[in-house]
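Novice: Using the UniProt record's numbering, the first residue of the sequence shown is number 1, and each one after it goes up by one. Idealized CB from N, CA, C, for every residue including glycine. Can you keep this structure in mind? I'll have questions shortly.
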Amino acid sequence: VLQANLKDTVEMIHQKIHSMTGIPVTEQRLIYNGKQLQWEQTLEECGVQNDAGLQLVGRMRSTGHPRAWRVINDMVSAICKLCRKEIPNYSSSVVKGKLEQFMTLPLTKQNNKFASLSMKSARIKRANEAKELSNDDNGEEEEEGDEDGEDENDWCGNINKIDYCKIFMDACAPQALVMLYMSSDKNNRDCAEACIRSFVGFVKVLGRQAVERSFCATVVLEFCKLLRPVGAEENVMYLYCRSTLGSMLDKIEVVSGPKDICGISVWGTTCIGIQDVFPFFKELGLQLLKDLVQSAECNSNIGQLVRDVCDFAAFLQPTLAFTRRRFAIAAAVKKAKGKVGPLGEEADHLFNIFNGLLGQIDKCLGKMEMCLSKKKKKEFKIYQGGWSQYLAILKELSSISVLFPGTEDQFLRMITQNKEPLRDLVVRYANRMDDYSWLRKYKDVLDFESRRHLAMLMFP
Numbered sequence: 001v002l003q004a005n006l007k008d009t010v011e012m013i014h015q016k017i018h019s020m021t022g023i024p025v026t027e028q029r030l031i032y033n034g035k036q037l038q039w040e041q042t043l044e045e046c047g048v049q050n051d052a053g054l055q056l057v058g059r060m061r062s063t064g065h066p067r068a069w070r071v072i073n074d075m076v077s078a079i080c081k082l083c084r085k086e087i088p089n090y091s092s093s094v095v096k097g098k099l100e101q102f103m104t105l106p107l108t109k110q111n112n113k114f115a116s117l118s119m120k121s122a123r124i125k126r127a128n129e130a131k132e133l134s135n136d137d138n139g140e141e142e143e144e145g146d147e148d149g150e151d152e153n154d155w156c157g158n159i160n161k162i163d164y165c166k167i168f169m170d171a172c173a174p175q176a177l178v179m180l181y182m183s184s185d186k187n188n189r190d191c192a193e194a195c196i197r198s199f200v201g202f203v204k205v206l207g208r209q210a211v212e213r214s215f216c217a218t219v220v221l222e223f224c225k226l227l228r229p230v231g232a233e234e235n236v237m238y239l240y241c242r243s244t245l246g247s248m249l250d251k252i253e254v255v256s257g258p259k260d261i262c263g264i265s266v267w268g269t270t271c272i273g274i275q276d277v278f279p280f281f282k283e284l285g286l287q288l289l290k291d292l293v294q295s296a297e298c299n300s301n302i303g304q305l306v307r308d309v310c311d312f313a314a315f316l317q318p319t320l321a322f323t324r325r326r327f328a329i330a331a332a333v334k335k336a337k338g339k340v341g342p343l344g345e346e347a348d349h350l351f352n353i354f355n356g357l358l359g360q361i362d363k364c365l366g367k368m369e370m371c372l373s374k375k376k377k378k379e380f381k382i383y384q385g386g387w388s389q390y391l392a393i394l395k396e397l398s399s400i401s402v403l404f405p406g407t408e409d410q411f412l413r414m415i416t417q418n419k420e421p422l423r424d425l426v427v428r429y430a431n432r433m434d435d436y437s438w439l440r441k442y443k444d445v446l447d448f449e450s451r452r453h454l455a456m457l458m459f460p
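Okay, here's the thing in structure tokens:
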């Protein structure tokens with residue numbers, strides 16, 4: 001039963017049906033008095049009366065990969081049987097076997113509409129770029145055309161993770177696996193964990209095309225959303241999926257809001273939006289604050305701190321890019337209309353996280369200086385567990401500080417007041433594995449020994 005106004009359009013009714021049933025709007029047809037209702041018409045224009053009965057017709061398309069659908073549906077069905085305990089002594093290995101079978105099926109990229117649209121968009125972009133090049137000769141243009149053809153063949157002939165991900169999502173496989181993971185039976189939980197790790201590892205190896213990378217990341221995001229309510233800090237699978245999602249973010253575009261790839265609608269959201277990323281960033285900022293408190297008070301688990309710092313840095317980058325875009329838009333609005341545009345709650349939360357972490361790292365560096373000064377007298381118990389991560393945290397705070405008015409000076413004052421522990425951190429923990437170019441801005445805070453150490457890292 002649906003409630004609607006006579007002024008509502010037929011398209012609005014289709015959207016309500018989609019939200020209730022999940023049936024795509026493009027596959028729905030509404031029939032009233034033997035006539036199909038058109039999207040642009042209102043209910044009043046269609047002559048629909050109160051308490052009227054409309055017929056809903058759904059169009060079922062044939063799938064391009066019937067075997068893959070059959071295998072993944074068998075897996076979901078097996079999970080339901082395990083959770084309901086319908087069959088005694090039913091082995092969970094059936095689920096694992098079906099998933100392995102699904103991932104080895106040869107799904108190719110022929111006839112894939114997303115791939116075709118992506119290639120068409122890429123060809124148009126390259127054609128526009130070619131028009132701007134006035135010095136190219138005909139031979140170079142022909143060579144470039146050959147390369148384009150080679151790219152398209154490569155795109156259309158290889159394994160297609162878009163269809164793997166789409167079938168996996170449309171079959172509600174993530175929900176089924178998480179349901180199995182939450183089972184009270186240990187064998188079921190172990191089976192679900194192995195399956196989730198296996199498929200997340202499968203999609204983690206990203207393809208070259210942006211559309212494929214976005215599909216892969218959306219699957220991992222779905223697992224994160226499903227596992228998050230189970231207990232974020234203690235849930236090993238959630239932490240694994242969140243870390244994996246963070247590692248994928250540098251290879252995909254995080255958009256300012258939900259939009260469709262290539263201008264078409266897929267399932268839900270096909271690209272990662274800032275509203276998807278930011279809750280994890282905020283969560284990691286609060287967790288990192290707790291980690292810093294523990295690192296100053298006791299010799300806490302260094303492994304957890306290392307993981308949280310790495311994940312925080314991964315989720316920070318798209319957040320910074322989004323905030324820069326919002327600031328640029330706000331500046332343009334101010335210049336055009338004489339007023340500042342809205343920056344959004346993400347920028348406010350980013351500012352608060354910066355202030356919280358800056359204040360806590362200040363305390364940690366102060367305590368570190370106290371430890372070093374009393375080390376010889378053995379008057380103070382030294383906790384060195386978290387010190388190795390302080391430089392990485394300072395690097396991320398430095399990148400945030402350039403966004404907001406006054407925060408760069410605030411950061412400079414903090415490291416100037418803690419220059420002794422900063423110098424010690426550089427000498428102790430700076431190595432060739434990490435990037436310390438951000439310290440060049442603060443070279444006046446460093447002494448000869450720490451600058452020499454950084455200079456030596458530049459040599460092979």
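1. Taking contact to mean at least 3 C-beta pairs separated by less than 8 Å, is the stretch 200–214 in contact with the stretch 78–88?
2. Excluding the 5 residues flanking residue 137 on each side, which residues of the same chain have their C-beta closer than 7 Å to its C-beta?
3. For the beta strand (DSSP E) that contains residue 90, what are its first and last residues?
4. With distances taken from CA atoms, which of 246, 79 and 101 is nearest residue 172?
5. Hey, residue 273 and residue 255: beta-carbon distance below 7 Å or not?
6. Going by C-alpha to C-alpha distance, which of 201, 245 and 69 sits closest to residue 106?
7. So is residue 276 buried or exposed if we call it buried at 16+ other beta carbons inside 10 Å?
8. Starting from residue 56, follow the beta strand (DSSP E) in both directions and report where the run begins and ends.
9. Opposite residue 273 in the DSSP bridges: which residues?
10. Residue 161 and residue 212: beta carbons closer than 7 Å?
11. Which residue or residues does DSSP assign as beta-bridge partners of residue 42?
12. At the level of alpha carbons, what is the spacing between residue 238 and residue 226?
13. First and last residue of the beta strand (DSSP E) that includes residue 30?
14. With DSSP collapsed to three states, give me the class of residue 417.
15. In whole angstroms, what separates the C-alpha of residue 219 from that of residue 94?
16. Identify whether residue 374 lies in helix, strand or coil by the three-state DSSP scheme.
17. Using the three-state DSSP reduction, which class does residue 209 fall into: helix, strand or coil?
18. For residue 452 and residue 435, what's the separation of their Cα atoms in angstroms?
19. Between which residues of its own chain and residue 263 is the CB-CB distance below 6 Å, once the five residues before and five after are set aside?
20. For residue 36, which of helix, strand or coil comes out of DSSP?
21. Please name the residue in 323, 367 and 440 whose C-alpha comes closest to that of residue 403.
22. Residue 198 lies in the alpha helix (DSSP H); which residues open and close that run?
23. Per DSSP, what kind of secondary structure is residue 456 in: helix, strand or coil?
24. Please determine if the stretch 384–394 and the stretch 303–310 are in contact, where contact requires at least 3 C-beta pairs separated by less than 8 Å.
25. Kindly indicate which three-state DSSP category residue 24 falls into: helix, strand or coil?
26. Could you please give the first and the last residue of the uninterrupted alpha helix (DSSP H) stretch that includes residue 104?
Specialist: Straight from the coordinates:
1. no
2. As a first step, residue 137 is located in the sequence shown; it is residue number 137 there, counting from the start. Low confidence applies here, because residue 137 scores a pLDDT of 43, under 50, leaving its location unreliable; read the following figure in that light. Around residue 137: no qualifying Cβ.
3. Reading the sequence shown from its first residue, position 90 is the one you call residue 90. Neither: residue 90 is in no beta strand (DSSP E) and is coded neither H nor E.
4. Walking along the sequence shown from the start, residue 172 turns up at place 172. Measuring from the Cα of residue 172, the nearest candidate turns out to be 79.
5. Looking up residue 273 in the sequence shown gives position 273. Looking up residue 255 in the sequence shown gives position 255. Result yes, Cβ atoms of residue 273 and residue 255 sit closer than 7 Å.
6. The residue labelled residue 106 in the question sits at position 106 within the sequence shown. The residue with the shortest Cα to Cα distance from residue 106 is 69.
7. Residue mapping note: residue 276 aligns to position 276 of the sequence shown, counting from 1. Buried: at least 16 other Cβ atoms inside 10 Å.
8. As a working mapping, residue 56 is identified with position 56 in the sequence shown. Its beta strand (DSSP E) spans residues 55–58.
9. Taking the first residue of the sequence shown as 1, we reach residue 273 at position 273. Answer is 255, bridged to residue 273.
10. To locate residue 161, count along the sequence shown from 1; it is residue 161. To locate residue 212, count along the sequence shown from 1; it is residue 212. Yes, the pair counts as a contact, with Cβ atoms nearer than the cut-off.
11. If you number the sequence shown from 1, residue 42 lands on position 42. Partner(s): 9.
12. Residue numbering aside, residue 238 sits at position 238 when the sequence shown is read from its first letter. Residue numbering aside, residue 226 sits at position 226 when the sequence shown is read from its first letter. About 9 Å.
13. As a first step, residue 30 must be located in the sequence shown, where it is residue number 30. Per DSSP, residue 30 belongs to the beta strand (DSSP E) from 28–32.
14. For this step, residue 417 is matched to residue 417 along the sequence shown. If DSSP states are grouped into helix, strand and coil, residue 417 belongs with the helices.
15. Counting from one through the sequence shown, the residue named residue 219 turns up at place 219. Counting from one through the sequence shown, the residue named residue 94 turns up at place 94. Straight-line Cα distance between these residues: approximately 22 Å.
16. Position 374 of the sequence shown holds residue 374. Here residue 374 sits in coil by DSSP.
17. Walking along the sequence shown from the start, residue 209 turns up at place 209. Of the three classes helix, strand and coil, the one that applies to residue 209 here is coil, per DSSP.
18. Walking along the sequence shown from the start, residue 452 turns up at place 452. Walking along the sequence shown from the start, residue 435 turns up at place 435. Answer to the nearest angstrom: the Cα atoms are 16 Å apart.
19. Within the sequence shown, the letter at position 263 stands for residue 263. Bear in mind that the predicted position of residue 263 carries a pLDDT of just 34, short of 50, making it unreliable; the figure below should be weighed with that in mind. Around residue 263: no qualifying Cβ.
20. On the sequence shown, position 36 is the one that residue 36 refers to. The answer is strand: DSSP assigns residue 36 an E or B state.
21. What you label residue 403 is simply residue 403 of the sequence shown in a count that begins at 1. Minimum Cα distance to residue 403 is reached at 323.
22. Start at 1 with the first residue of the sequence shown, and residue 198 comes out as number 198. Taken as a continuous stretch (DSSP letters only), the alpha helix (DSSP H) holding residue 198 covers 186–204.
23. Against the sequence shown, residue 456 aligns to sequence position 456. If DSSP states are grouped into helix, strand and coil, residue 456 belongs with the helices.
24. yes
25. Within the sequence shown, residue 24 is the residue found at index 24, counting from 1. Three-state result, residue 24: coil.
26. Taking the sequence shown and counting its residues from 1, the one referred to as residue 104 is at position 104. Premise fails: residue 104 is in no alpha helix (DSSP H) and is neither H nor E.
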